[in-house]
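To keep things clear, I will list the structure first and then write my remarks on it.
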Amino acid sequence: MLKWLQRPSQSQPPAPDATLPEGWFAPQSAERLLATPLRQSCLHQLRQLTPLPDTLFDSWILTAINRFAALVQLLPASQSHHHSIPGGLLDHSLEVACNAIRLRQGYLLPPEVGAEEQARQASAWTVTVVCAALLHDTGKIAVDMEIHQRDGTRWHSWQGNLAQPYRWQYQSHGRDYHLHPAATAMLINQLIPSPLLDWLAGYPTAFASLIYQLTGHYERAGALAELVQQADKASVARYLGGDIKTALAQKPSSFPQQLLTALRSLVQNEYRLNNPECGSDGWLTEDALWLVSKTTADRVRAWLLQHGVSSVPENNNRLFDELLTHQLIVANEDKAIWRCIIRSDKGWSPVEPLTLLRLTPSAIWEQGEQRPACFGGDVTPVNGAELVPELSTPTQPLRYNRRSQAW
């Protein structure tokens with residue numbers, strides 16, 4: 063069943079060009095770059111497994127692969143880890159695309175619709191998977207390495223294909239490892255044919271997942287991000303001589319990790335914190351992040367369902383129990399809910415204490431990551447903590463209307 067995992071994965075490094083100094087490489091055509099046995103095997107697999115007529119495969123997928131090969135040339139996939147030899151990025155990217163299209167057969171996409179609609183969208187999702195996997199590391203050539211041409215100029219990937227002999231070096235310090243996933247966005251139009259993008263745009267959920275994936279918003283790409291991550295791990299494990307089956311069998315995210323990802327995404331991207339004059343989604347103090355309990359439970363559930371997580375408790379109290387069990391929130395004795403009085407330095411305070419969840423700020427923001435300023439005021443717990451009834455709501459309006467920019 064997993065014979066496709068056993069094929070040799072490493073291409074031999076290309077023979078150096080005797081006419082160039084050591085470390086320099088001459089640009090090659092896509093056809094020549096793709097002529098190695100490994101790369102031809104990947105192309106054959108992709109053609110066999112992509113549900114498109116040959117004419118569309120050639121004009122869409124093969125065109126994207128040719129453009130990708132011509133752009134990345136013999137650049138490596140990493141400095142000293144996996145696929146660090148010349149040509150490593152092309153080998154790795156094609157392998158991940160092959161792994162991903164095979165893994166895709168075990169996914170029902172999009173997860174939130176019925177079988178009939180999944181069947182209608184099947185081809186679009188498979189093509190989305192191939193594009194996302196092929197381009198998953200492309201941003202590295204834009205921001206992680208410096209590429210110099212023979213005439214002394216520095217080449218940037220958005221300038222078009224290399225036209226002179228080139229060499230590369232990695233940045234020696236200060237590399238931002240979160241940057242290259244987002245940098246791929248600059249190259250999407252350069253690599254994916256416009257007719258293919260036009261077609262995918264007719265499938266909004268798949269198209270949105272692709273854009274989120276190729277801009278580094280993995281928490282919003284849902285099942286697509288999970289699939290590409292598994293395919294990537296398998297390629298890395300194969301190159302490093304690890305256990306490929308184990309790499310594939312491991313789910314990228316456990317339910318606790320998915321809960322934490324949801325909380326981080328909501329707090330960092332959507333929540334309004336620390337409003338001094340009216341209600342907020344939460345309040346950050348020196349030692350705690352306080353979030354409105356029912357709002358947070360409802361929005362965490364919605365976020366998880368939107369991203370293909372089906373095992374989400376429907377009852378808020380059960381969801382609070384999950385958060386407590388996995389120590390994602392701070393317990394109030396043995397309960398999840400804290401009743402707190404909020405007082406702003408500007409005089410605002412809700413009429414009654416609010417029911418809140420207490421989190422440790424370091425759970426949401428990693429060390430060195432920029433946080434909002436702390437709330438100008440006090441959050442004071444009061445006695446009588448109890449689980450909030452399912453239908454209870456805060457006494458003050460807490461939702462922020464983004465269109466009108468008002469509460």
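Here the sequence shown is numbered in the numbering used here, starting from 63 and rising by one per residue. We treat Cβ as the ideally placed atom computed from N, Cα and C, and that holds for glycine. Just so it is clear, the structure is predicted and the values come from calculations on it, not from any experiment.
Cβ-based neighbour list, residue i, same chain, cut-off 7 Å, excluding 5 preceding and 5 following
| i | result |
| --- | --- |
| Ile254 | Ala126, Cys193 |
| Asn161 | Ala293, Ala296, Ser297 |
| Leu82 | Ala88, Pro227 |
| Arg206 | A small fix is needed here, since residue 206 is Asp in this sequence, not Arg. Closer than 7 Å at Cβ, skipping near neighbours: Tyr232, Gln233, Arg237, His242. |
| Ile250 | Leu276 |
| Ser219 | Leu133, Ile203, Ala204, Leu249 |
| Gly168 | none |
| Ala245 | Gly201, Ala204, Val205 |
Enclosing beta strand (DSSP E) for residue i [first to last residue]
| i | result |
| --- | --- |
| Tyr232 | 228-232 |
| Gly168 | Premise fails: Gly168 is in no beta strand (DSSP E) and is neither H nor E. |
| Leu353 | 351-354 |
| Leu96 | No beta strand (DSSP E) holds Leu96; DSSP gives it neither H nor E. |
| Ala345 | For clarity, residue 345 is Trp in the given sequence; the question names Ala instead. Taken as a continuous stretch (DSSP letters only), the beta strand (DSSP E) holding Trp345 covers 344-346. |
Proximal residues to residue i (C-beta, below 8 Å), its chain only, five neighbours per side dropped
| i | result |
| --- | --- |
| Pro70 | Because the pLDDT of Pro70 is 45, which lies under 50, any placement of that residue in the model is unreliable, and the number read from its coordinates should be weighed accordingly. Excluding sequence neighbours, Pro70 sits near Leu100. |
| Asp116 | Arg109 |
Nonlocal neighbours in the same chain, by C-beta distance under 6 Å from residue i, ignoring five residues either side
| i | result |
| --- | --- |
| Asn445 | none |
| Arg212 | Gln226, Pro227 |
| Leu385 | Ile391 |
| Ser140 | Ser146 |
| Leu111 | Ile163 |
| Val329 | Ile426 |
| Arg433 | Trp427 |
| Ser406 | Pro338, Gly439 |
| His369 | Gly284 |
| Trp365 | Ala324 |
Bridge partners - residue i, DSSP secondary structure assignment
| i | result |
| --- | --- |
| Val504 | Look at the range of the chain in this structure, 63 to 469, and you will see that residue 504 is not part of it. |
| Arg216 | His210 |
| Val444 | Arg401 |
Residue i: first and last residue of the uninterrupted alpha helix (DSSP H) it sits in
| i | result |
| --- | --- |
| Ile147 | Taken as a continuous stretch (DSSP letters only), Ile147 belongs to no alpha helix (DSSP H), as it is neither H nor E. |
| Asn336 | Per DSSP, Asn336 belongs to no alpha helix (DSSP H) and is neither H nor E. |
| Glu84 | Neither: Glu84 is in no alpha helix (DSSP H) and is coded neither H nor E. |
| Pro255 | No alpha helix (DSSP H) contains Pro255, which DSSP labels as neither H nor E. |
| Ser140 | From DSSP, Ser140 is part of no alpha helix (DSSP H); its letter is neither H nor E. |
| Thr188 | 177-196 |
| Glu288 | 285-302 |
| Ala245 | 241-245 |
Practice task
Can you check the segment 364-442 for any beta strand (DSSP E) of at least 3 residues that lies completely inside it and give the ranges in chain order?
Solution key: Here the runs fully enclosed are 400-406, 416-421.
Handout entry: At least 3 beta-carbon pairs within less than 8 Å: the segment 179-195 vs the segment 118-134
Key = Enough Cβ pairs lie closer than 8 Å, so yes.
Practice task
Evaluate contact between the segment 267-282 and the segment 173-192, counting only Cβ atoms and requiring at least three cross-stretch pairs below 8 Å.
Solution key: A contact exists between the segment 267-282 and the segment 173-192.
Practice task
Check whether the segment 404-412 touches the segment 432-445, taking contact to mean three or more Cβ pairs, one atom from each stretch, closer than 8 Å.
Solution key: Because the criterion of three Cβ pairs below 8 Å is met, the segment 404-412 and the segment 432-445 touch.
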